[in-house]
Amino acid sequence: MEKEELKKIIYELVEASTGKKKLKQTDILKKVSADQGVEKDEVKAALRELVDANTLIFTYFGGSFIEIPPK
Amino acid sequence: MSKKYDTPLLDELEKGAFPSFVKEIKLAAKHSDMANDLLGHTELCFKERVTHWKHGGIVGVRGYGGGVIGRYSDIPDKFPGVAHFHTVRVNSPSGFYYSAAALRDFCDLWDKYGSGLTNVHGSTGDLVFLGTKTEFLEPFFAEVSSRGWDLGGSGSAMRTPSGCLGMSRCEWANIDAMAITNDITHHYQDEMHRPAFPYKFKFKVAGCPVDCIASIARADMSVIGTWKGDIRINQDEVAKYAKTMDIKAEIIDMCPTGCMQFDGKAMKIDNSNCNRCMHCIAKMTKALRPGTEKGATLLLGSKAPIVTGALMSWVIVPFIKMEPPYDEFYDLIDKIWEWWDENGKNRERIGELIERLSFPRFLKEVGLDPHPAMIKEPRRDPFFFWSEEDIER
Amino acid sequence: MSELPQRQTDIGPPHYSKFLPPVIAKNYGKWLYHEVMSAGVMVHVAESGDKVFTVRIASPRLLSTDTIREYCAIAEKHCGGNLRFTTRHNVEFMVDAESKVDPLVKELKAKDFMIGGIGPRISNIVHTQGWIHCHSAATDASGLVKAIMDDVHEYFTDKELQNKVRIAVACCVNMCGAVHCSDIALVGVHKTPPRIDDMNVKNACEVPSTIASCPTSAISPDPAKKSVKIKLDKCMYCGNCYSVCPAMPISDAKNDGIAIVVGGKVSNLRSNPTFSKLVVPWIPNNPPRWPEVTDAIKKILDAYKAGAKKHERVGEWIDRIGWEGFFRATGFEFKIQHIDDFTFARETFRMAATFKWT
Chain A
1 MEKEELKKII
11 YELVEASTGK
21 KKLKQTDILK
31 KVSADQGVEK
41 DEVKAALREL
51 VDANTLIFTY
61 FGGSFIEIPP
71 K
Chain B
72 MSKKYDTPLL
82 DELEKGAFPS
92 FVKEIKLAAK
102 HSDMANDLLG
112 HTELCFKERV
122 THWKHGGIVG
132 VRGYGGGVIG
142 RYSDIPDKFP
152 GVAHFHTVRV
162 NSPSGFYYSA
172 AALRDFCDLW
182 DKYGSGLTNV
192 HGSTGDLVFL
202 GTKTEFLEPF
212 FAEVSSRGWD
222 LGGSGSAMRT
232 PSGCLGMSRC
242 EWANIDAMAI
252 TNDITHHYQD
262 EMHRPAFPYK
272 FKFKVAGCPV
282 DCIASIARAD
292 MSVIGTWKGD
302 IRINQDEVAK
312 YAKTMDIKAE
322 IIDMCPTGCM
332 QFDGKAMKID
342 NSNCNRCMHC
352 IAKMTKALRP
362 GTEKGATLLL
372 GSKAPIVTGA
382 LMSWVIVPFI
392 KMEPPYDEFY
402 DLIDKIWEWW
412 DENGKNRERI
422 GELIERLSFP
432 RFLKEVGLDP
442 HPAMIKEPRR
452 DPFFFWSEED
462 IER
Chain C
465 MSELPQRQTD
475 IGPPHYSKFL
485 PPVIAKNYGK
495 WLYHEVMSAG
505 VMVHVAESGD
515 KVFTVRIASP
525 RLLSTDTIRE
535 YCAIAEKHCG
545 GNLRFTTRHN
555 VEFMVDAESK
565 VDPLVKELKA
575 KDFMIGGIGP
585 RISNIVHTQG
595 WIHCHSAATD
605 ASGLVKAIMD
615 DVHEYFTDKE
625 LQNKVRIAVA
635 CCVNMCGAVH
645 CSDIALVGVH
655 KTPPRIDDMN
665 VKNACEVPST
675 IASCPTSAIS
685 PDPAKKSVKI
695 KLDKCMYCGN
705 CYSVCPAMPI
715 SDAKNDGIAI
725 VVGGKVSNLR
735 SNPTFSKLVV
745 PWIPNNPPRW
755 PEVTDAIKKI
765 LDAYKAGAKK
775 HERVGEWIDR
785 IGWEGFFRAT
795 GFEFKIQHID
805 DFTFARETFR
815 MAATFKWT
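Protein chains in written order, with our numbering: chain A, 1 to 71; chain B, 72 to 464; chain C, 465 to 822.
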């Protein structure tokens with residue numbers, strides 16, 4: 001799968017989860033890898049690009065999560 | 072011009088013999104508005120007997136999910152200098168040795184970008200830079216990382232590993248604690264900087280069972296140096312100790328396994344019965360030395376009481392050679408983390424997970440063989456599991 | 465702001481070999497033995513015959529850049545520019561000849577640094593952030609440490625005990641300092657449940673993870689308010705929910721205080737590593753000097769000093785005289801809170817008819 005497409009899927013997953021359930025990095029890797037049939041490492045690489053670009057960020061509330069940065 | 076605060080309660084703690092943290096805040100307050108407001112803020116906490124700090128949450132440096140602890144005052148209007156007061160954790164070098172030049176460099180940077188206050192070190196062993204504003208995080212990180220330093224861990228990640236000073240200045244070190252600490256740190260940079268675990272994971276490396284780094288109480292993975300073979304005895308030095316120390320009372324009678332004898336001339340040790348507690352070696356440093364086949368015992372699971380009670384690490388590998396490139400060790404760690412990732416809940420430490428799912432299951436699933444060194448005593452109940460291959464059909 | 469240098473990521477800390485004093489680098493892994501020369505000076509002797517003399521001083525852990533620069537100046541003047549820190553926040557200056565010890569000690573004394581902490585004494589206290597920086601602190605840490613060490617500093621600089629007495633302070637039960645295996649530890653505790661700010665729970669917290677955070681299942685959903693409820697008789701005030709949900713503040717100035725636990729150790733010397741056990745369930749916060757706390761510590765130390773045998777740690781002494789003996793020796797009141805009703809409770813009940821009268 002194209003990395004850009006994977007990035008879009010990850011972003012949409014985080015977006016859909018916002019306000020409902022905070023996702024941990026491992027939640028995203030497990031879900032996207034299972035849904036799309038790609039290796040976790042591939043999902044991880046795509047996620048890392050999103051975080052490096054500040055499109056998604058790590059947050060901490062009694063545990064570390066991946067979220068969309070506040071406006 | 073910064074505001075002058077009256078601090079009668081804190082001033083009390085400038086008095087007395089021991090070095091004063093209040094003096095330190097006041098020194099920093101001379102050149103930092105943040106430190107100056109910290110003084111007023113802390114005085115108010117002392118007066119009201121309650122903290123005025125709020126949760127952090129979302130500050131950090133780009134790309135990392137750790138290394139910065141966000142902190143805000145709940146009374147920012149009164150104390151604008153500490154409205155943001157974030158902490159930056161910089162990964163310390165193994166053994167906590169520094170050059171004056173490197174420390175001075177940090178001082179200059181922290182006077183420029185932060186409050187001028189630090190902890191050397193924080194509890195986990197990071198160089199803690201205490202108190203800065205959100206907009207200074209990136210510049211400080213750029214300055215620090217361009218000088219060859221990096222941030223430590225925070226959140227649900229591998230935390231900054233730490234170790235004792237090991238072979239650098241201690242004759243008891245059975246493993247190269249500083250080299251191992253440094254290697255783990257570099258091996259797992261991604262796991263430190265991009266939190267991917269159910270909760271925190273700490274490594275601490277102790278050169279011997281004296282455990283000066285307290286690994287058994289506060290590391291999820293405690294690496295404790297140990298040895299096989301006979302304690303080396305220098306009988307001439309034993310004879311010298313006999314003149315200044317009551318060897319029977321202080322050594323022989325205090326040996327927990329009763330494996331030592333001293334007839335007034337020579338010392339004998341039944342090494343097969345020794346449990347390597349280090350008491351005799353620690354009290355007769357010139358006469359006794361650990362055996363020569365060196366390695367480590369790996370123990371897993373310790374943590375503070377949050378949330379179902381404190382745990383100490385327990386033995387999972389009785390003996391492992393800890394020599395570069397540490398392949399066997401890293402293979403095991405990777406398996407443990409994979410198992411934790413599969414089964415762990417948010418905020419569940421590895422020790423708690425093993426308690427919840429069972430130690431035998433952990434051993435089976437990560438591929439470790441059971442060994443009497445892992446337990447204090449066998450189970451007392453008759454309720455145990457069998458596998459399909461144990462059953463006759 | 466001037467041009468910033470290029471940031472780097474995932475480079476890790478610099479290699480420790482850059483910071484080792486030459487005598488340490490030369491004899492790495494080849495040390496033969498060491499001797500404690502005084503409360504603040506020890507010598508390590510290498511197989512080569514080389515010696516390194518270490519002089520240890522106390523730091524307040526919270527350090528200004530000014531004081532760190534002072535340490536640096538001393539290291540440059542006397543030690544070839546290197547220094548190190550211990551896990552208990554002491555600073556160590558190392559020299560490679562005995563003749564260099566006296567000038568170093570003289571300068572440290574002249575600058576009012578406190579030399580000591582080596583051998584069977586009280587070393588520096590490990591502690592957490594407290595009111596200096598922590599949102600979940602039930603007490604201060606630096607203030608308590610200062611008050612205690614002012615009281616017992618002679619055991620740092622001079623006087624000997626039967627063995628080391630390791631003291632630790634954690635400002636809440638999260639114990640980021642992991643103080644639970646110390647000879648004497650203080651821990652900040654709450655006595656009242658968190659207060660629920662329903663509006664903020666709704667906006668800032670995830671209800672399922674807040675419920676899951678409670679170790680005693682005291683928290684349940686309150687669907688009408690999109691918030692949570694607490695079953696008050698189940699709450700044991702750990703504050704774990706507050707870590708997960710900021711809308712459940714638990715600090716309470718009148719009821720937060722300090723518990724004292726004793727008898728723990730981490731070393732394997734003689735007896736196994738041991739957890740510290742509760743001896744005083746609650747002392748009110750009484751800053752700036754917490755006199756009730758320092759009195760209690762003095763009682764523990766006096767009893768230990770009077771009763772322990774040489775080389776016995778606090779826990780080993782108590783093991784020998786029994787906890788009933790400890791309460792007798794210190795005069796501490798035994799209360800219902802001392803009896804465990806949590807995870808490991810059953811292991812702590814006395815399943816024998818052998819005990820000592822108090």
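Just so you know, even glycine gets a beta-carbon here, dropped at the ideal spot from N, CA and C. No experiment lies behind these values; they were computed from the predicted model shown.
Secondary structure remark: continuous beta strand (DSSP E) runs of at least 3 residues inside the segment 327-405 of chain B, in chain order: 331-333, 338-340, 364-371, 385-391. For C/D805, the closest of C/I782, C/G513, C/I596, C/L742 by C-alpha to C-alpha distance is C/L742. Within the segment 41-69 of chain A, the complete beta strand (DSSP E) runs of at least 3 residues fall at 57-60, 64-67.
Between C/E624 and C/P584, the CB-CB gap stays under 8 Å. According to DSSP, residue pairing for C/W495 in a beta bridge involves C/A510. In the DSSP assignment, C/M613 falls within the unbroken alpha helix (DSSP H) covering 606-616.
Annotation: Cβ neighbours of C/M613 in chain B (cutoff 7 Å, chain order): F89. Of C/C678, C/F517, C/C640, C/E670, the smallest CA-CA separation from C/P658 is found for C/C678.
Non-local beta-carbon contacts of C/R548 in its own chain, meaning distances under 7 Å to residues more than five positions away in sequence, involve E556 in chain order. No Cβ-Cβ contact shorter than 8 Å links C/D759 with C/T603.
Straight-line spacing of the CA atoms in B/N305 and B/K357 works out to 8 Å.
For B/E463, the three-state secondary structure derived from DSSP is coil. Between C/D647 and C/I631 a beta carbon distance of about 7 Å is seen, short of the 8 Å cut, so the two are scored as contacting.
Chain-ordered listing is empty here: chain A has no CB closer than 8 Å to the CB of B/Y401, the nearest sitting near 17 Å. The DSSP-derived three-state label of B/W124 is strand. Check the Cα spacing between C/L765 and each of C/R533, C/F790, C/D514, C/K693: the tightest is with C/F790. Residue environment: C/P477 is assigned as buried (16 or more neighbouring CB atoms within 10 Å of its CB, all protein chains considered). DSSP, read as helix, strand or coil, puts C/T592 in coil. Contact holds between the segment 524-540 of chain C and the segment 86-96 of chain B, because three or more Cβ pairs, one in each stretch, are under 8 Å apart.
For the C-beta of A/K22, the chain C residues within less than 9 Å are, from N- to C-terminus, E670, S673. In this structure, the straight-line span from the alpha carbon of C/Q470 to that of C/S673 is close to 40 Å.
At a cut-off of 8 Å, the C-beta of B/Q260 has a neighbouring C-beta in chain C.
Looking at the backbone, the Cα of B/A250 and that of C/K482 are separated by about 13 Å.
By alpha-carbon distance to C/K763, the top candidate from C/N732, C/E780, C/V778, C/G795 is C/G795.
The three-state reading of DSSP puts B/F89 in coil, since its state is none of H, G, I, E or B.
A/F61 reaches chain C at V708, counting residues in chain order whose Cβ is nearer than 7 Å. Residue pairing by DSSP puts C/P685 in a beta bridge opposite C/V692. Residue contact with chain B for A/S17: absent (no Cβ-Cβ distance below 8 Å to any residue of chain B). Beta bridge pairing from DSSP links C/V559 with C/F517. At least one CB of chain A lies nearer than 8 Å to the CB of C/S677. When DSSP states are grouped into helix, strand and coil, B/F200 belongs to the strand group. Rounded to whole angstroms, B/L109 and B/H102 show a C-alpha spacing of 13 Å.
Burial state of C/Q801 is exposed, judged by a 10 Å Cβ sphere holding fewer than 16 other Cβ atoms. Between C/V725 and C/S740 the beta-carbon gap is near 4 Å, inside 8 Å, which marks them as a contact.
For C/S731, the three-state secondary structure derived from DSSP is coil.
Contact of A/I57 with chain B is assigned, a C-beta pair being separated by under 8 Å.
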